[in-house]
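Which chain is which? The protein sequence lines are A and B, in order. Residues 3 to 97 (my numbering) are what the first sequence spells out, left to right. Residues 13 to 596 (my numbering) are what the second sequence spells out, left to right. Note that CB positions come from ideal geometry on N, CA and C, so glycine has one too.
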Amino acid sequence: MSDMQITIRIRTWSDDGRRHLGEYLVPEAEGMSVLNALEYVCEHLDSTIAYRSSCRRGVCGGCAMKINGKRRLACETLIQDGMEIDPFDEEWGER
Amino acid sequence: MQEYQTDVLVIGSGGAGLRAAIAASETASTTIVSKGPLGRSGATILAGADIMADGGSLARLGYADLPQDDPAAWARDIVIEGFHLNDENLVATYVENAGARVEELLAWGMTVRGTEERALLTTGMSICAALRRGVDERERSLAQVDGVTIIDLLVNEGRVVGAVGVDFGSGALIVFRAKAIVLATGGWHQAYRFNAGADELTGDGQGMAYRAGAELVDMEMVTFAPNILLAPPRHSGSLWFYILPGMLLNARGDAFMSWEAPEVAKLAATTEWNKLLCSKASMREVKNGRGGPLGGVFFSMHHMPKNLFDALENTHPGWRFQGDDFSELMERMHAGEAVEVGPAAEYFEGGIRINARCETSIPGLYAAGECSGGLFGANRVAAATTEMVVEGEIAGREAAASAATLEIFPLDGKQMQAIREAQEDLLARSTGPSVYELRRRLRGIAYDKVGVLRTGGDLSEALTELKEIESALDRVRLTATRRACNREWGETIELRNMIQCVCLSALAALERNESRGVHVREDRPFVDNCAWRKHLLVREDDGHPVLVRFPVVSDRPLHKERIPYEESILRAARTGALWEDEKE
Chain A
3 MSDMQITIRI RTWSDDGRRH LGEYLVPEAE GMSVLNALEY VCEHLDSTIA
53 YRSSCRRGVC GGCAMKINGK RRLACETLIQ DGMEIDPFDE EWGER
Chain B
13 MQEYQTDVLV IGSGGAGLRA AIAASETAST TIVSKGPLGR SGATILAGAD
63 IMADGGSLAR LGYADLPQDD PAAWARDIVI EGFHLNDENL VATYVENAGA
113 RVEELLAWGM TVRGTEERAL LTTGMSICAA LRRGVDERER SLAQVDGVTI
163 IDLLVNEGRV VGAVGVDFGS GALIVFRAKA IVLATGGWHQ AYRFNAGADE
213 LTGDGQGMAY RAGAELVDME MVTFAPNILL APPRHSGSLW FYILPGMLLN
263 ARGDAFMSWE APEVAKLAAT TEWNKLLCSK ASMREVKNGR GGPLGGVFFS
313 MHHMPKNLFD ALENTHPGWR FQGDDFSELM ERMHAGEAVE VGPAAEYFEG
363 GIRINARCET SIPGLYAAGE CSGGLFGANR VAAATTEMVV EGEIAGREAA
413 ASAATLEIFP LDGKQMQAIR EAQEDLLARS TGPSVYELRR RLRGIAYDKV
463 GVLRTGGDLS EALTELKEIE SALDRVRLTA TRRACNREWG ETIELRNMIQ
513 CVCLSALAAL ERNESRGVHV REDRPFVDNC AWRKHLLVRE DDGHPVLVRF
563 PVVSDRPLHK ERIPYEESIL RAARTGALWE DEKE
């Protein structure tokens, strides 16, 4: 892990239940997926974010979410500086 | 509170859950509930995978690699390599039903990529797809609910009467009232720092069954698979290097498998015992300070001539495995780099005790697949995919048959209130430890002290530390107090189950003061067939675990069927002790 950090934005909830974009600094690591970054944020920075994950191997489709506006698998997408992640877009959020 | 009513409730939607739901919904109204993606969750979808039946049955299906084989011969091999600890009634059921289950999966469109003497090579994805086609094959009374984590079973007057869970999306508590319940929730992989399981494999079934008073069995028996990737992060947990040829090195570059006695090295290279022998040798390097920065050892393919390396890509097109693309990693391997790997929790021989009808010790409660225990004894050498469909079918059918004669039972109001209050307290608590901190501690203790290599001292320490974590769990504070989409809430429910599973595993591992199969006690490097051809049963009594030794039921003469690898495996265990001596 290098000392460099990247900034990512994750759509999450405020205390009053409204949705907002949170901004997080995550250590840059080679071969880090969006799912790895979400786990880092959840465990070290902000445990109020939420996402779903299951097989981690790009098979089950459980971590499909909106990444930079496109629906992709978090476990198979490499994290990049400036990414915007919405783990529950309109298709999922209102279930 | 939202309420579902059903004859049979199936919890878990991997292979065992799907097969149980198919069987139950033939005759009874059935509900299948899953916290992960329905029909795609759990271990099944990532299975290697082969599915097994005896060679004779496979020959009748057109795969004649071992036509003279029969279920009895296969059963014998399973029991010998299970170190004679298998529940032989379960083994008989397994081998006798395997052929029919494989035949039906083929009819549902399971693809076959190759054959072995007692196996068809396929993929977990293909098995899942076949089972989903089985569900869709005809109209059935089957309700499917996903995104719901079951918290606990509801029990009234000693009988299972339902289950209560939380819906992740809304945060609402949901009650399922049922006449019979099938648990099909898989292993507790996520309790270990390194594991090769999906995120939802957190021992939920074992935990809730134990709290409901059911007996668990063989909890000390845990299989670790070697060569699991620890880096880069996105590949962590993958079995990619488990299926490729390579060489294990320690941090100094020593090819440490060559230090094993010749027959041990041969077993490690050519038999099902490779999991145990390579895991054990890897952990010995780590424990002796010759491991890598992540706590593993190194996998190298540098010994392979370029043309052989390139030829490998023909059998692994595009360097793809499951949904992962390993082309970047393989470039590094090709350039001669070594990558850090380690043993990871992969399969749980132990679990909820069942009989050949998949009944647990609690009326109305059934279990199937990896969450059940006893079939494979001290080492699984036959397919878990076959286990899940054989037991799934039986559990679903038996649960439906028992439900046919019963009415819906009343709930125990006190239990309902206690569950509701515990969840309300958790959501309202304003101070306390973090669930992620506790989970990190649990994973470290489980992997380091209740893992591949065990000693009485380590296990005792682990039990003390696990007690602390268990009591800290009652004080956990959630960062977000909202109900909807509260990931921490779900993690807290799961953590309780994982702590219980590791506690019971450590307790049984400490009690079994011998080595047998995958249970390796460095301080007890011998198999004691006089004292220990016995299962360890455990159940909760007045809030405490009670261990009972229960002799293996068998009419097989032990002396005639000596475990063929016993000497080699014990020698490998003793080598570890020798290294310790040499250091001093």
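Would GLU382/B pass as an interface residue toward chain A - the criterion being a Cβ-Cβ separation below 8 Å? no
Please state if the CB of THR161/B and the CB of GLY381/B are separated by a distance shorter than 8 Å. no
At 4 residues or longer, and completely inside the stretch 55 to 94 of chain B: list those alpha helix (DSSP H) runs for me, N to C. 67 to 72 and 83 to 93
Kindly say whether GLY63/A, judged by its beta-carbon, lies nearer than 8 Å to any beta-carbon of chain B. yes
Just checking, does the stretch 23 to 30 of chain B make contact with the stretch 50 to 70 of chain A on the three C-beta pairs under 8 Å criterion? no
Within chain A, partners of ASP211/B - CB distance below 7 Å: SER55, SER56 and ARG58
Buried or exposed (CB count within 10 angstroms, at least 16 for buried), ASP17/A: exposed
Taking all protein chains shown into account, do 16 or more other C-beta atoms lie within 10 angstroms of the C-beta of MET13/B, making it buried, or fewer, making it exposed? exposed
Where SER250/B meets chain A, residues with beta-carbon distance less than 9 Å: ARG58 and ARG59
What is the DSSP secondary structure of THR50/A, counted as helix, strand or coil? coil
In its own chain, which residues sit with a C-beta less than 6 Å from the C-beta of GLU212/B, not counting the 5 before and 5 after it? LYS47, GLY48 and SER53
For LEU58/B, tell me which candidate among LEU117/B, LEU21/B, ALA210/B and THR39/B has the shortest Cα-Cα distance. ALA210/B
Listed by chain order, chain A residues near GLU500/B by CB distance under 9 Å: CYS44, SER49, THR50 and ALA52
Answer yes if the stretch 357 to 365 of chain B comes into contact with the stretch 218 to 238 of chain B, meaning at least three C-beta pairs across the two stretches below 8 Å, and no otherwise. yes
Proximal chain A residues relative to MET231/B, where beta-carbon distance stays under 9 Å: Chain A residues near MET231/B: none, gap ~25 Å exceeds 9 Å.
Of all Cβ atoms in chain B, is any one closer than 8 Å to the Cβ of MET67/A? no
Note down, in chain order, each residue of its chain lying with its Cβ closer than 6 Å to the Cβ of ARG628/B, except the 5 sequence neighbours on either side. Lying before the first or after the last residue shown, residue 628/B is absent from chain B, which here runs from 13 to 596.
Within-8 Å CB hit, ILE511/B to chain A: no
Report yes or no: do three or more beta-carbon pairs, one from the stretch 156 to 171 of chain B and one from the stretch 79 to 93 of chain B, lie closer than 8 Å? no
Which class does LEU478/B belong to by DSSP, given the choice of helix, strand or coil? helix
In the stretch 28 to 41 of chain A, which residues sit with their C-beta less than 8 Å from some C-beta in chain B, listed in chain order? ALA31, GLU32, GLY33, MET34, SER35, LEU37 and ASN38
To be precise: take each residue of the stretch 446 to 463 of chain B, compare its Cβ to all Cβ atoms of chain A, and keep it if any distance is under 9 Å. Which residues remain? SER446, VAL447, TYR448, GLU449, ARG451 and ARG452
If we count the other Cβ atoms within 10 Å of its Cβ and call it buried at 16 or more, is MET6/A buried or exposed? exposed
Cutoff 8 Å: GLY19/A Cβ touching any chain B Cβ: yes
Span of the alpha helix (DSSP H), counted from its first residue to its last, around ASP460/B: 447 to 461
Using three-state DSSP, classify VAL401/B as helix, strand or coil. helix
Does the beta-carbon of ASN319/B have 16 or more other beta-carbons within 10 angstroms, so that it is buried, or is it exposed? exposed
Considering only their Cβ atoms, is the gap separating ILE51/A from LEU37/A smaller than 8 Å? no
Using the beta-carbon of each residue, which ones in chain A are nearer than 9 Å to SER53/B? SER56, CYS57, CYS62 and GLY64
Length of the line joining the Cα atoms of GLU594/B and ARG551/B: Confidence at GLU594/B is low in this model, with a pLDDT of 35, below 50, so the placement of that residue should be treated as unreliable; the coordinate-derived value is given next. Their backbone Cα atoms lie some 42 Å apart in a straight line.
Please compile the residues from chain B whose C-beta is within a distance smaller than 9 Å of the C-beta of GLU78/A. ARG246, GLY335, ASP336 and ASP337
Quick check: the Cα distance between VAL488/B and THR14/A, rounded to an integer number of angstroms? 22 Å
Every unbroken beta strand (DSSP E) inside the stretch 155 to 211 of chain B [3 residues or more]: 160 to 168, 171 to 179 and 185 to 195
Determine the chain A residues that contact ILE57/B at a beta-carbon separation under 8 Å, and present them in chain order. CYS57, VAL61 and CYS62
Closest by CA to VAL539/B, which one among GLU579/B, GLY385/B and ARG246/B? GLU579/B
Excluding sequence positions up to five away, which residues of its chain have a Cβ less than 7 Å from the Cβ of GLU30/A? SER4, MET6, GLN7 and ILE8
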